[in-house]
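Data first, discussion second: the structure below is written as C-alpha cells.
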Amino acid sequence: MPGPDETQVGIVGAGPAGLMLSHLLHRQGIESVVLETRSRDYVERRVRAGVLEQGSTDLLTSSGVGERMAREGLSHDGINIRFAGEQHRIDFRRLTGRGITVYGQQEVVKDLIMQRLADGGEIWFETEVSAVEAIDSDHPRITYRRDGEDAGLTCEFVAGCDGSHGIARAGLEAKSYERNYPFSWLGILAKTPPASDELIYAAHERGFALHSMRSPEISRLYLQVEADETLAAWPEDRIWDELRLRLAEPSLQPGEIMEAGITPMRSLVIEPMQRGHLFLAGDAAHIVPATGAKGMNLALADVKVLAEALAAWYRSKSHDLLDHYSEACLRRVWRAEHFSAWMTALLHRDPAGDPFEHKLQLSYLRYITTSDAAATTLAENYVGFQFPSPARGGGRGGGVGE
Ligand code: RFL
Ligand code: PHB
C-alpha cells in the first residue's frame, strides 16, 4: 500500500471536480488524496453555481451522493425570459422531455466531503500546492505546503482540479482560447422567498438581471455591473432597487443579504486538457460566463470521463480512454462555451451601446420566445446533452447529443 507520501491519483483542489473525482475513483477501488488550499469551512460556504443538468443529478444519484439533493433540490421544468416589458416562458419539459434541478454548488460540495470522509478518504485542507512536476514520467509529483512545512506527494496520475486560478495548468504548455466580456456579475444570496417558481432571465435596457433561488426561503440574485465594479458602489438599497426594476418583479422583497460578490464574465478553454500523467478537469481547463449555468455541470462531466478512463487503466492497463480524455471532453466543452457566449450576448446590455446590435438582440429574443425551433435550441442546450461515452469513442465518433 502506498504510504503517506505517495498515492495512486493526486487531486489538486476540493471543488466539485476534485471531490467528485475522488469519490468516483474510490468506488472503483482507486486510492486518491485531495489537496485543498482553503479550509473545509471555507469551501463549504463558498457560494457559486446552482443549476444541475439531468446528467449531473444522474451522476450524483447513481454514485450514491444524491439523497439530500433528491429531498432538498428544486425541480424546474422551464425558465422565464423578460425583455421590453414582455414575459415569456421556455418550457423545457415540453420541448426536450427534460428539466433541471436547482441545488447550490456548496451543497454538492458538502455532500461530497461528508461521503469522502465517511469512506475514510484523504482530503488535506489548508494545503497549498505549489507545483506539479515530472508529469511526463510514470511518477508525477505534487509539491505542497502544509502546517508551515514543504513536502511532496508522489503519484501515478495527477488531476488538476484547482479551478480558474489554479497552478496545475502551468505545466501543460497547451494552447489557450480566451474571451473577456466588458461586464461582471454582482451576485447576492438573500433571506427572502423567491418571487417566482422558476428562474427569471431579464434583458433590461439598464442591464441584465437574473432571479434564481436556493430554497423556498432563500433567493440567489444577480445584476450585470461594470467590468471593474466594486461592491462599495452597491449599497443594499441600490441592489434591491435595481433588481426590482430590471426583473420587473414588484413582489421581490428585500431580505438580509447573506453573501455578496462580483464575478468577472470570462470564457477560456485550455487545449488539450492533458499531458503525460497530468489531466485537467473543471474550471482548471475551461471557464464559461455564468449565463448558461454550465460551470459546475462541465466540471462533473469531465471527472466522470476521467474516472472511467483511470478505472480502465487500473483494470487492464489500457491507455486508450486516457489518451482520448481531452478529446472526449472538448466536444461538450465547446458546445457549452458557444451556448454560454450566445446566452451572454443575447441577454446583456452592450456597454458600447451599438444601436444596430441592440435591434438584432431584440429580434433574436422575439424569435426565441415565439418559435418552437428557436426555443428548442435554447432548451436542449440549457438542460444539457448526455455525457460523452469514451467507451464508444466519445468525442471521436458520436455527436454531443448521442
Ligand atoms: P472550483 O470550485 O473553483 O474548485 C477549485 C478548488 O481548487 C482549490 N485550489 C487549490 N488547492 C490547492 N492548491 C492550490 N494551488 C489551489 N488553487 C486552487 C480552490 O481553493 C478550490 O477549492 O473548481 P471546479 O471544481 O472545477 O468547479 C467549477 C465551479 O466552481 C465553477 O464552474 C462555477 O461555480 C462558476 N461560478 C459561478 N457559476 C455560477 O453559475 N454562478 C455563480 O455565481 C458563480 N460564481 C463561479 C462563481 C466561479 C468563480 N470563480 C473563481 C471562477 C464565482 C467565482 C468567483
Ligand atoms: C444560480 O442559481 O446561481 C444560477 C442560475 C442560473 C445561471 C447562473 C447561476 O445562469
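So in the numbering used here, spot 178 of the sequence shown is number 182, and the numbers just go up one at a time. C-beta: ideal position from N, C-alpha, C; glycine also.
Residue i versus residue j - alpha carbon distance
{"i": "Val309", "j": "Arg50", "result": "26 Å"}
{"i": "Thr373", "j": "His92", "result": "6 Å"}
{"i": "Gly59", "j": "His208", "result": "32 Å"}
{"i": "Glu253", "j": "Gly89", "result": "11 Å"}
{"i": "Glu275", "j": "Leu284", "result": "10 Å"}
{"i": "Val273", "j": "Ile291", "result": "7 Å"}
{"i": "His352", "j": "Pro186", "result": "10 Å"}
{"i": "Ala315", "j": "Arg370", "result": "47 Å"}
{"i": "Val307", "j": "Glu240", "result": "39 Å"}
{"i": "Gln390", "j": "Asp151", "result": "42 Å"}
{"i": "Val16", "j": "Lys363", "result": "46 Å"}
{"i": "Arg396", "j": "Ser330", "result": "Its pLDDT being 47, under 50, Arg396 is placed unreliably in this model, and the value from its coordinates should be taken loosely. The straight-line gap from Cα to Cα measures roughly 15 Å."}
{"i": "His80", "j": "Trp189", "result": "23 Å"}
Residue i vs residue j beta-carbon contact at 7 Å
{"i": "Ala21", "j": "Ala236", "result": "no"}
{"i": "Ile117", "j": "Val38", "result": "no"}
{"i": "Gly70", "j": "Thr105", "result": "no"}
{"i": "Asp166", "j": "Ala288", "result": "yes"}
{"i": "Ser271", "j": "Arg183", "result": "yes"}
{"i": "Val162", "j": "Leu282", "result": "yes"}
{"i": "Ser223", "j": "Gly54", "result": "no"}
{"i": "Arg72", "j": "Asp115", "result": "yes"}
Heavy atom of the ligand RFL within 6 Å of residue i beta-carbon
{"i": "Ile171", "result": "yes"}
{"i": "Leu44", "result": "Reading the sequence as shown, one finds Arg at residue 44 and not Leu. No, Cβ of Arg44 sits at least 6 Å from all heavy atoms of the ligand RFL."}
{"i": "Asp287", "result": "yes"}
{"i": "Met167", "result": "The amino acid at residue 167 is misidentified as Met; the sequence shows Gly. Because some heavy atom of the ligand RFL lies under 6 Å away, the Cβ of Gly167 counts as near it: yes."}
{"i": "Arg149", "result": "no"}
{"i": "Gly14", "result": "no"}
Burial state of residue i, where buried means 16 or more other Cβ atoms lie within 10 Å
{"i": "Leu23", "result": "buried"}
{"i": "Gly68", "result": "exposed"}
{"i": "Leu193", "result": "buried"}
{"i": "Leu334", "result": "buried"}
{"i": "Lys298", "result": "buried"}
{"i": "Asn385", "result": "buried"}
{"i": "Ala356", "result": "exposed"}
{"i": "Ala294", "result": "buried"}
{"i": "Gly170", "result": "buried"}
{"i": "Phe360", "result": "exposed"}
{"i": "Thr234", "result": "exposed"}
{"i": "Pro198", "result": "buried"}
{"i": "Arg319", "result": "exposed"}
Residue i beta carbon near the ligand GDP (any heavy atom closer than 6 Å)
{"i": "Gly265", "result": "The model depicted lacks the ligand GDP and carries the ligand RFL and the ligand PHB instead."}
Residue i beta carbon near the ligand PHB (any heavy atom closer than 6 Å)
{"i": "Arg353", "result": "no"}
{"i": "Ala297", "result": "yes"}
{"i": "Val55", "result": "yes"}
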